[in-house]
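Read through the structure below, which is laid out as C-alpha cells, and then see the notes.
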Amino acid sequence: MSGPIEKMRSSRKVLAEYHYEPAQIERGYAGKTLYVNLSNHKIEAKDVTQQMKDIFIGGKGFGLWYLWNAIKPETKWNDPENEIVISPGPIAGITQYPGSGKSLVVTLSPLTNSIMDSNVGGFFGPYFKFSGWDALEIQGKADKDVVVFIDGDQGKVTIEEVDLDPSASHLLSEQLTELMADSEQDKKNVSVVSSGSGAEHTRVGILNFSFYDLRRKTARLKQAGRGGIGTVFRDKKLAALVVKFSSLSGKSNNPADPALIAKTGVKITREINKFDDTQFRMRQIGTANLMTPMNDYDLLPVHNFKYGSHKDAVGISSEVLRSRFTQKMPDGCWVGCALSCCKAVDDYVPKTGPFKGEKVLVDGPEYENAAGLGANCGIFDADYVIEANFYCDTYGIDTISTGTIIAFIMECYEKGIINKEITGGLELNFGNAEAAMELIHQMGQGRGFGKIAGQGVRRLKKIFAEEYGGDPAFMQDIGMENKGLEYSQYQAKESLAQQGGYALTNKGPQHDEAWLIFMDMVNNQLPTFEKKAEALHYFPMFRTWFGLMGLCKLPWNDIIPESNATSDSPEKIPEHVQNYVDLFNAVTGKSIDKDEMIRQSERVYNFQRVFNLRMGFGTREHDAAPYRALGPVTEEEYESRQERYDKQLKEDVGINPEGMSTADKVAAMRKYRQERYETLIDVVYKRRGWTENGVPKLEHLKDLGIDFPEVVEVVKNNL
Amino acid sequence: MITVNGKQIEWEEDFTVERVLKAMNYTFPKIVVRVNGEVVQQSKWSEFKVPDGAEVHAHHLIAGG
Chain A
500 MSGPIEKMRS SRKVLAEYHY EPAQIERGYA GKTLYVNLSN HKIEAKDVTQ QMKDIFIGGK
560 GFGLWYLWNA IKPETKWNDP ENEIVISPGP IAGITQYPGS GKSLVVTLSP LTNSIMDSNV
620 GGFFGPYFKF SGWDALEIQG KADKDVVVFI DGDQGKVTIE EVDLDPSASH LLSEQLTELM
680 ADSEQDKKNV SVVSSGSGAE HTRVGILNFS FYDLRRKTAR LKQAGRGGIG TVFRDKKLAA
740 LVVKFSSLSG KSNNPADPAL IAKTGVKITR EINKFDDTQF RMRQIGTANL MTPMNDYDLL
800 PVHNFKYGSH KDAVGISSEV LRSRFTQKMP DGCWVGCALS CCKAVDDYVP KTGPFKGEKV
860 LVDGPEYENA AGLGANCGIF DADYVIEANF YCDTYGIDTI STGTIIAFIM ECYEKGIINK
920 EITGGLELNF GNAEAAMELI HQMGQGRGFG KIAGQGVRRL KKIFAEEYGG DPAFMQDIGM
980 ENKGLEYSQY QAKESLAQQG GYALTNKGPQ HDEAWLIFMD MVNNQLPTFE KKAEALHYFP
1040 MFRTWFGLMG LCKLPWNDII PESNATSDSP EKIPEHVQNY VDLFNAVTGK SIDKDEMIRQ
1100 SERVYNFQRV FNLRMGFGTR EHDAAPYRAL GPVTEEEYES RQERYDKQLK EDVGINPEGM
1160 STADKVAAMR KYRQERYETL IDVVYKRRGW TENGVPKLEH LKDLGIDFPE VVEVVKNNL
Chain B
527 MITVNGKQIE WEEDFTVERV LKAMNYTFPK IVVRVNGEVV QQSKWSEFKV PDGAEVHAHH
587 LIAGG
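Read top to bottom, the protein sequences are chains A and B. The first sequence begins at 500 in the working numbering and counts up one residue at a time. The second sequence begins at 527 in the working numbering and counts up one residue at a time.
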C-alpha cells in the first residue's frame, strides 16, 4: 500500500482551499452547509434557515431544497448545474440508538432524468456533520479527476488533484483513508465516498461510503445504490470525497435531552439482545435472512420476475449465505448500532476479473444482491453471488439494477430478441453464471455488450426494438422498470398494494417507500382499496421520515418488542414509532407527536412530487407499471401457477376457466388486474390529496405549508 | 371450516395452531397468532386446539427490506 500512498502524497496539488471555524452543533444541527463548485473552485458556507429546519427538516429534505434552487426544469443529469447533495439529518450521529449513522444523497438521475434519492450508511454523514456542516452541495464539473478533502479537525476544505486510480472503489477507499490518517488508530476517524470505473461507463453508478473496521484493519463499504448517483459523481470528474473528524463522542450532537436518548437506546438494545436470535437474526445473517422466507412464500424473483420461487434456491438460502459469512461477531456500519446487520466474507478469492486470485473482502451479500444477481438471473450459486457482489461494489455499479438488467437481457436472449452475435458471444441464458459474470466485467470496464447493458432496462427496450426488431409491447411487459429505475427484488404479482408500493413512488420502484406484500397478500390486512390506499399513504410517509433524520429503517421493524403482540396495529410497531418521536424531541428539543411526524414527511414527499412535475414527470402516466409486475405475461407463467390463477378467475373475476385456452385465461386475468391497478391509483391519489392525474392539489399544499409561489406555479401549470 | 387470514380451509380434528400454520405453509419466524381474537403465545402453539369455525389471524411481522 505504501507505493500508491507515497505517490498520492507527493502528487497532491491544491486547486482551492477554504478555512472555516467548525460550527458548534446545537441540538442536531450545525446551522451551516457547505457548497463546493468543481468548475470554478468556489467553496463557501451557507446558513441553514429556520424555514429549512421547519419545512425540510434535514437529510433528503435539505437535498431536495438545494437541488430545487440549483437547477432549472430543462437541466439534464450531466449538466454542470446538476448537484449531488449529501445531508445526514438532525438525528444522524447519535451513538446510543441503532441505525443512526445515515446520510441521504439527492441528485438528478441519469436513469430517470428526474429526482433521485438514496439512503446510505458508513461514517461520512456523521463525521461531515460534526465537522460543522448539515449538508454538502457539489456542483460543476472538474477538468481532471479531483478529490474534495474536508478536515473537520483543522477546519479546512480543499479541492485537490491527486495521482490516483479511481477504477476500484475498495482500493481507493483504503488508500485515501491511509493518506488522511496519522496512524492506524486514526483511520477510524476518516471516511471516503468514492465510486468506480463502472460508474463512468454505465448509468447505474453508485457511491460507496466507507467505514473503517479496526478489527479487520480495512475500510468497509456501504452503498448509495439507486438511480445512478455514482454516474453523476464520475461525470463531474469527482474521484472521491474524504472527511476526517477525530472528536466523536456520545454528545457530539449536543442534544436537548441526552438522558432520554440514552434511555430509549438502552431499551431497544435490550430488545435486540433478548430477541434477535429468535426473530430475524440480523446480527447473524443480516438482510440475507429474507432469502429463505421469500422463496417459501413465492416472493423471490426468479427468471426476470416470472416466478416467485425455485427448487434450486436452497443454493443461496439464508443458511448457506450465513455459512459463508466469516465474522462471528456483531458488525455495524455506525458506532453503537446494536442491530449490527453488516456482514462480510473475508479473504474471498475471485475466480475472474482484475482481482482474480487475490484475497479480497466482500461486504455482503445482502438479500437484494443474492435475490437480484442470483435468483432473478436463475443462478443459485453462492460463490457467484459473492463474487458478483464484490465486483459490482468495487466497479461502482448498483447490484439491484444490475440484477434486473441482466435478468431482462436473459429473457430477451431466450426469446430470440437478441443473440450471440449481438452479445459478443455471451450465451446469456438464465443460469449461465459465467456469461453473467463476464457481462458484469464488461459493464464495469466499459467493454463490449456491457456498454449497452449499462444503459438500463428502459433504454435497452428501445435499443432492442429499434436495432434488433424486438416487439416493443412485449418488452414493455417484461422490462422491469418504472420511471426508468429498475425494480428491486421482490415479486409483487400477488399483492396489489405492493404493486402500488413500487410504482406509485417518487423516485421509482425501490422498496424503501413501502413494502406491503405480507400485510396485503399473506396477512390479508388490506382487503379493500381504501385500506390499501391508507397503507400507501401511511407507510411511504413514515418511511420517508428516516431519510429526513439520518436514520436506518431496519431497527424499526427488524426487531419486534414484546408489546407488539397485543398492539392494535402491530404492522406499525407502535412502541418503536414512539421511540423515534422521543429521539427527535430529545435531540432537537421540539415536541412533536406521531401525527406531526407523518406531517413532516408529507411536506417533503409532496414537495418531491412537485419537483418531479417541474422536471416534466410526476403525473399518472409515469406511475404505470410493467405488466410483469402486476400479473402473468406469458402462458408459461400462467401455467406455472395454474391452480392459483384459475381459482382467482373463478372466485375473483367471475369467469369459469374450464374449457378456456391458456391464452384466453391470460388475457382475462390481465384485463382484471389492470383495471384493479387503475382503481388503486384513483383511490391512492385521493388519499394523498392529489388530482386524478397525480398532481398535489393546491389546497393540500397550502394545508401542508409548502404553497411557496414557485411551487404553486408548477402545480398550476399541471392542473 | 376455519378461516385463516380471510381464507377458508377445511377443519381437521387435531388442528393445533402449529398444524394450522404448517397447513398454510407459514414458515416465517415471527408471527403473532390470534384465535377468535385471543393471542396465543408461541410457546403454546403445539398444544392450543383450534376449534371448528374458528377465525385465525396469523400476522407476519415483517415490513420488508
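Beta carbons: idealized from backbone N, C-alpha and C, even for Gly.
Under 9 Å from the C-beta of residue i: neighbouring residues of chain A
i, result
"Val543(B)", "In chain order: nothing, as chain A lies at least about 14 Å away."
Residue i versus residue j: straight-line alpha-carbon distance, rounded
i, j, result
"Phe554(B)", "His586(B)", "7 Å"
"Lys548(B)", "Phe541(B)", "10 Å"
"Ile1205(A)", "Ser690(A)", "35 Å"
"Gln767(A)", "Tyr596(A)", "It should be pointed out that residue 767(A) corresponds to Ile in this sequence rather than to Gln. Ile767(A) and Tyr596(A): Cα-Cα distance of roughly 8 Å."
"Ile583(A)", "Val741(A)", "15 Å"
"Lys1093(A)", "Ala591(A)", "19 Å"
"Pro572(A)", "Met1114(A)", "5 Å"
"Leu678(A)", "Ser672(A)", "10 Å"
"Gln941(A)", "Gln1099(A)", "43 Å"
"Asn618(A)", "Phe948(A)", "30 Å"
"Ser1068(A)", "Cys876(A)", "37 Å"
"Gly1046(A)", "Ile1072(A)", "18 Å"
"Ile815(A)", "Val546(B)", "28 Å"
"Gly943(A)", "Lys855(A)", "15 Å"
"Gln1077(A)", "Met979(A)", "37 Å"
"Thr676(A)", "Asn918(A)", "45 Å"
"Glu1198(A)", "Lys1215(A)", "12 Å"
"Phe629(A)", "Asp662(A)", "29 Å"
"Thr922(A)", "Arg957(A)", "18 Å"
"Thr1004(A)", "Glu525(A)", "34 Å"
"Asn1192(A)", "Lys1006(A)", "17 Å"
"Trp564(A)", "Asn581(A)", "13 Å"
"Lys982(A)", "Thr611(A)", "6 Å"
"Arg1042(A)", "Asp1011(A)", "7 Å"
Interface partners of residue i on chain A, CB under 7 Å
i, result
"Ile588(B)", "Phe1017"
"Ser532(B)", "The sequence shown places Gly at residue 532(B), rather than the Ser named in the question. Correct list: Asn1023 and Pro1026."
Where residue i falls: helix, strand or coil (DSSP)
i, result
"Leu789(A)", "helix"
"Cys832(A)", "coil"
"Gln722(A)", "strand"
"Ser586(A)", "strand"
"Cys891(A)", "helix"
"Tyr847(A)", "strand"
"Thr529(B)", "strand"
"Ala881(A)", "helix"
"Gln1107(A)", "helix"
"Ala529(A)", "coil"
"Lys512(A)", "strand"
"Leu635(A)", "strand"
"Asp756(A)", "coil"
"Leu1203(A)", "helix"
"Gly704(A)", "strand"
"Trp1014(A)", "coil"
"Cys841(A)", "coil"
"Val1132(A)", "coil"
"Asp547(A)", "In the sequence as presented, Asp is not what sits at residue 547(A); that position holds Val. Coil, per DSSP."
Against chain A: residues of the region 545-567 of chain B by CB proximity under 7 Å: Asn551, Thr553, Phe554, Pro555, Lys556, Val558 and Val565
Which residues, taken in chain order from the region 1022-1045 of chain A, show a beta carbon closer than 8 Å to some beta carbon of chain B? Asn1022, Asn1023, Gln1024, Pro1026 and Phe1038
Where the region 892-908 of chain A meets chain B: residues whose CB sits under 7 Å from a CB there: none
Please identify, using Cβ separations under 7 Å, the residues of the region 1053-1075 of chain A that lie next to chain B, in order along the chain. Asn1056, Ile1059, Asn1063, Ala1064, Thr1065, Pro1069 and Glu1070
If the cut-off is 9 Å on Cβ atoms, which residues from the region 783-804 of chain A count as contacting chain B, listed in chain order? Thr786, Asn788, Leu789, Thr791, Pro792, Asp795 and Tyr796
Could you name each continuous alpha helix (DSSP H) segment of 4 residues or more that falls completely within the region 900-985 of chain A, going from the start of the chain to the end? 919-922, 932-944, 947-952, 956-967 and 971-977
Below 8 Å between beta carbons is the criterion; list the residues of the region 750-778 of chain A that meet it against any residue of chain B, in chain order. Thr777 and Gln778
Along the chain, which unbroken stretches of the beta strand (DSSP E) at least 3 residues long are found entirely within the region 577-622 of chain A? 583-586, 602-607 and 614-619
What ranges does the alpha helix (DSSP H) occupy inside the region 1112-1165 of chain A, keeping only unbroken runs of at least 4 residues that lie completely in it? 1134-1139 and 1141-1147
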